[in-house]
Amino acid sequence: MSGGAASAPKPLPSSGPKSLREMPHPLATSSSEEMGPALTPSPDLLLPRSIADKDLSLPNGTPVDTSSPASSSSLLNRLQLDDDLDVETRDLFVTVDDPKKHVCTMETYITYRVTTKTTRAEFDLPEYSVRRRYQDFDWLRNKLEESQPTHLIPPLPEKFVVKGVVDRFSEEFVETRRKALDKFLKRITDHPVLSFNEHFNVFLTAKDLNAYKKQGMALLSKMGESVKYVTGGYKLRSRPLEFAAIGDYLDTFSLKLGTIDRIAQRIIKEQLEYLVELREYGPVYSTWGGLEVELSEPLEGVSACIGNCCTALEELSEDMTEDFLPVLREYILYAESMKNVLKKRDQVQAEYEAKLEAVALKKEDRPKVPTDVEKCQDRVECFNADLKADMERWQNNKRQDFRQLLMGMADKNIQYYEKCLTAWESIIPLLQDKPETK
Amino acid sequence: MESAEPEPSGSRPEEEEEEDEEEDEEEDGALLPPEQPAAAVRMEDCLAKKMEITVSEAEKRTGRNAMNIQETYTAYLIETRAVESQSEGQCAPVESLWRRYSEFELLRNYLSVTYPHIVVPPLPEKRADFVWHKLSADNMDPDFVERRRIGLENFLLRVASHPVLCQDKIFYSFLTQEGGWKEMVNETGFQLKADSRLKALNATFRVKNPDKRFTELKHYSDELQSVISHLLRVRARVADRLYGVYKVHGNYGRVFSEWSAIEKEMGDGLQSAGHHMDVYAASIDDILEEEEHYADQLKEYLFYAEALRAVCRKHELMQYDLEMAAQDLTSKKQQCEELATGTVRTFSLKGMTSKLFGQETPEQREAKIKVLEEQIQEGEEQLKSKNLEGRDFVKSAWADIERFKEQKNHDLKEALISYAVMQISMCKKGIQVWTNAKECFSKM
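Line by line, the protein sequences are chains A and B. Just so we're aligned, residue 1 is where the first sequence starts under full-length UniProt numbering, counting upward by one. Just so we're aligned, residue 1 is where the second sequence starts under full-length UniProt numbering, counting upward by one.
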C-alpha cells in the first residue's frame, strides 16, 4: 500500500481520515500562514523562500535538524498546509524548463528538460535530467488515470490549439505551455500517492521513455494497477450526500470559472480596441506640435507619454493572455476530470450495492458475506477515502492557486497604472517649463 | 510694371500696374469707416476687473418665436456685480437678467463686424459635436446645457477681459440691460457693414499682394482647425473604448459574489474583491466627465481658429479692395492721358468707335477730361484713406494677434497640464482599487 521512503513509520498517506490536527478548519483564515506573492503551491528549487523568521520546528513540536546539508530538512522550503509535514519532509523536486525545438524529417516538435532532485529510495540517483515532449506528458497522465483511478489526476494544458492563429512554436505559446507542464508535474510531486507511482518514476528517470512505453507493462506496484475497476452496467441509486455536494460544487465552480474566462477575454478584447484608438491619438499631438512654436515641446511630450501608456497596456494584455487565461482553463479541465472520477466512484458503489442485493436475494444461510462482495466493499471504502483526501488537498491547492492567480492579476494592473503614472508625472515639469526668451 | 515688394499696406497707387483685362467687378458702396476703435485699455482697467460676471443658471423655457411657432429653448441667467475697491466689506448688489443662446450669437456677430481686426472670442458650440456614445447629442440634455452654461460664462469673461472689446457699449448693455437690447443692436446697423461671403471668397482668390504674415496665419489657422478636429474625434473614440474596459470589470463583481457563495475560506476575500471591481467600474463616469472639460478647452481653440481666419479674410478683402481701387485709378489716369495727348495706347472700345465713327469734338474731349480729372482726384483721396485704413488695420490686427498668441500658448499649456493631472489622478485611483482588490485576494 505505501511506497514510503522515510525510515520512521508513518500512517498510510492515502487511506483513512486525516487526523484532526492536520485538517484545516473550513473557516480558518490563512493569516497565520501568510505567504508572499511569489507563492507557488509546489516546491520550486529556483525560488527558495527564506524562513528565517519562522520557527524551525515541525507542527508536532519536533525541532528541525538543519545541520546536515544532506538532511531532508535542509530541502525544506516552507510549511505547507496540505503537506504531511509532521511525518514526511519534502524529498522530491521536479522542474520543467529549457524548451528546445527539434526539426526532424517527419515532424517538428518541442522538448522540455525535466529535472529531478530527490533523496527517495525509489530513485537510484539523487538527480536526473531528461527531455520530454508533450505526448510524453500525455502518456503519463493516461497511465496515472489508469493506475490510480481513485485519485484526482491534475490536468494537462490543452493538446490542440483551437483558438485564433496561434503559432505552436511562438515564444509565448511555448512558455505558457512550459509553465502548465511544470505545474502538472509539481502537483503530482506534491501528491503523497501519485508521486510514488511507478510510471511517474520512469517518466522522470528513463533515458529512453519510448522503449518503456512499448513494453506496455510496468513493474507491478502493490497499489493501483492490479485493481481493475469495472465500469459498466451498474446504476447508482443515489449518491451519498457528501459526494453529491462535491458534484454540485464542481458544477457551479466550472460554471463560474467559465464566466470569469469570458469576462477576462472580453476585457482583453476591449483593451486591445482601446489600444488601437490610443495609437492614433498620441501621434496627433505630435502633428500639432509641428504646427506650434512655444507649444511644440509640451505637445511632443504628451504624444510620447501616450506612447508609453500604449506600451504598458500592451504588456498588460499580453500578461493576462499568457498567465491568467491558461490557468483558468486548466482548472475548468481539472473540474471536468474530477467529475469523471466521481462518476467512477458511483460505478464502484453501484457494483457493490448490486452484488450485495444479489446475495441478499439468494436467501442463503451464510454467516459470512462472500469474499467477492467483501472486495467490492473494500473498493468502495478505499475509493471514498482516497477521493475525500484528494478533494481536501485539491481544495487547499485550489485556494492557494487562485489566491496567487488573482493577486497576480491585481499586480499586473497595478504595474500598468504605475507605468502610466510615471509617464504622466514625468511630463508635468516639461509642461510647466517657462519658454526661453527667444 | 508690377509692384514687386511685399509691402504690408499693399501696392503704391503711383506705380503703374500691368493692365489686365477690364475686370468686371461689382463695387458695392464704399466701406463705412469702422467704429472709432477705442485705444486698447490696460489689463487692470478691463471690465472683467471692475465687474464680476457669471452665468449662474440655465432654465428651460417655452415661448413663441419670430414665426409665432411654439418652441422650447434654454435661457441663461447672467449675474453681474460691481467690484468695489476695498470698502468695509460692502458688497454691491447683484444684478441679473436672462438671455438665450441666440442673443449671445447676435452679440458675437455684432462684435465680429464692428471689430474686424480683433480675434473675437468664440461661443461654445451650438450643437453637441464630437460626442462619444455616453453623451447625448441632444441640446436639451442637462450635461450639455451645463457645459454650455460654463462656455457662455467663459465667453463673457473673455470679452470682458479684452482690452478693446470690454469697452463696447453694446456689450455692456448686453450684461446690464434686459429690455430693448436687441433693438439697440439692430439700430447700430452693423448688419450693413458685414461683408458678404461671396465678396470675401472672391477677394481671397484674387488678391495679389496680401501681407505674408496674414497668409501664413491663414494656413496656420486652417491646419490648427484640422488637427484639433482630428484630436477631438479620436479622443471621443478613446473615451468610448476606455468606458467599455472599465464597465466590463463590473461583471467580475457579480461573478465573484456568486462564486463566493459556494466557497468556505475563499468566500469573504472574493466577495470583498468583487465589491472593489464594482467601484472600479463605476469610477469611469466621473473620470470621463472631467475629461469633457478638457475637450471643451480644445474646442474653444478650434473655434478660435475660425476667428483668426476671419481676421485674415478681412485683411485680404481690404487689400483686394485697395488693389482694385489702385488699378481703377491707374486706368482712369491712363484714359485721361490718352484723351489729352490723343494717343491710344491700348486697345479700347472707345478708341475703336472713335476711329470708326469719327473723333469727338474738342469740347466733348475737354468735358471728358474734366470728369476724369475729378474722378482721379476723388480716387486718389479714396486710395489714400484706404491705404491708411489698410495700414491701421494691419497694425491693430497684428497687435491683437500677438496678444491672442500669448493667450493661446498660456491657455493650452494650462489645458495640457490639467489633462496630465487628470491622467495622474486616474492612474492613482486605479492603483488604489487594484491594491484594495489585491488585499482582498490575499485574504482568500
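Glycine included, C-beta positions come from ideal geometry on N, C-alpha and C. Quantities reported herein were computed from a predicted structural model and do not represent experimental measurements.
For the UniProt domain "PX" (90-211) of chain A, the full-length beta strand (DSSP E) segments reaching 3 residues or more read 92-103, 108-118, 127-133 along the chain. In this structure, B:Cys-312 lies away from B:Lys-395, with their beta-carbon atoms at least 9 angstroms apart. One Cα belongs to B:Leu-156, the other to B:Tyr-110, and the distance between them is close to 14 angstroms.
Contact with chain A is absent for B:Val-311, since none of that chain's Cβ atoms lies less than 9 angstroms from the residue's Cβ. Put simply, the CB of B:Arg-403 is far from chain A, with every gap to its CB atoms at 9 angstroms or more. Collapsing the DSSP output to three states places B:Ser-56 in a strand.
DSSP, read as helix, strand or coil, puts B:Trp-98 in strand. Burial state of B:Asp-129 is exposed, judged by a 10 Å Cβ sphere holding fewer than 16 other Cβ atoms. Neighbours of A:Tyr-334 across chain B, judged by C-beta separation under 8 angstroms, do not exist; the nearest C-beta is about 16 angstroms away. In the three-state reduction of the DSSP assignment, B:Glu-125 falls in the coil class, being assigned neither a helical nor a strand state. Between the alpha carbons of B:Pro-116 and B:Lys-408 lies a gap of roughly 19 angstroms. Shown here, B:Leu-77 sits in a strand according to DSSP, grouped into three states. With contacts defined by Cβ atoms closer than 9 angstroms, A:Asn-413 and B:Gly-430 form a contacting pair. Annotation: the continuous alpha helix (DSSP H) that includes B:Lys-199 extends over 197-206.
As the crow flies, the alpha-carbon of A:Ala-335 is around 22 angstroms from that of B:Arg-254.
Of all residues in the region 401-428 of chain A, only Phe-402, Arg-403, Leu-406, Met-407, Ala-410, Asp-411, Asn-413, Ile-414, Tyr-417, Glu-418, Cys-420, Leu-421, Trp-424, Glu-425, Ile-427, Ile-428 come within less than 7 angstroms of chain B when Cβ atoms are compared, listed by chain position. Taking C-alpha positions only, A:Val-96 is separated from B:Ala-282 by approximately 43 angstroms. CA-to-CA, the gap between B:Gln-191 and B:Leu-107 works out to about 12 angstroms. Remark: fewer than three beta-carbon pairs, one from each stretch, lie closer than 8 angstroms, so the region 273-282 of chain B and the region 303-312 of chain B are not flagged as touching. Within 8 angstroms of the CB of B:Trp-398, no CB atom of chain A is found; the nearest one sits about 16 angstroms away.
Here B:Ala-82 carries a strand assignment [DSSP, helix/strand/coil]. Within chain A, not a single residue places a beta-carbon under 7 angstroms from that of B:Leu-288; the smallest gap is close to 13 angstroms.
Going by C-alpha positions, A:Tyr-274 is about 18 angstroms away from A:Glu-418. Residue pairing of B:Gln-70 in beta bridges, as defined by DSSP: B:Arg-64.
Of all residues in the region 247-258 of chain B, the ones placed with a Cβ closer than 9 angstroms to any Cβ belonging to chain A are Lys-247, Val-248, His-249, Asn-251, Tyr-252, Arg-254, Val-255, Phe-256, Glu-258, in chain order. Counting along the chain, B:Thr-176 sits inside the alpha helix (DSSP H) bounded by residues 169-176. Taking C-beta atoms as the reference points, A:Val-94 and A:Arg-113 fail to come closer than 9 angstroms. At a Cβ-Cβ threshold of 9 angstroms, A:Tyr-352 and A:Val-373 count as neighbours. B:Glu-258 and B:Asp-411 have their C-alpha atoms some 50 angstroms from each other. B:Glu-187 and B:Phe-174 have their C-alpha atoms spaced approximately 14 angstroms apart.
Across the set A:Gln-404, A:Glu-315, A:Glu-242, A:Arg-168, the C-alpha of A:Gln-404 shows the shortest separation from the C-alpha of B:Lys-438.
For B:Phe-155, the uninterrupted alpha helix (DSSP H) segment begins and ends at 142-160. Minimum Cα-Cα distance from A:Glu-172 among the listed residues A:Ala-245, A:Gln-215, A:Glu-318 corresponds to A:Glu-318. If you draw a 10 Å sphere on the C-beta of A:Gln-347, you find 16 or more other C-beta atoms in it, and that means buried. Remark: C-beta atoms of A:Cys-309 and A:Leu-278 approach each other more closely than 9 angstroms.
B:Gly-342 is classed as exposed because its beta carbon has fewer than 16 other beta carbons within 10 Å across all chains shown.
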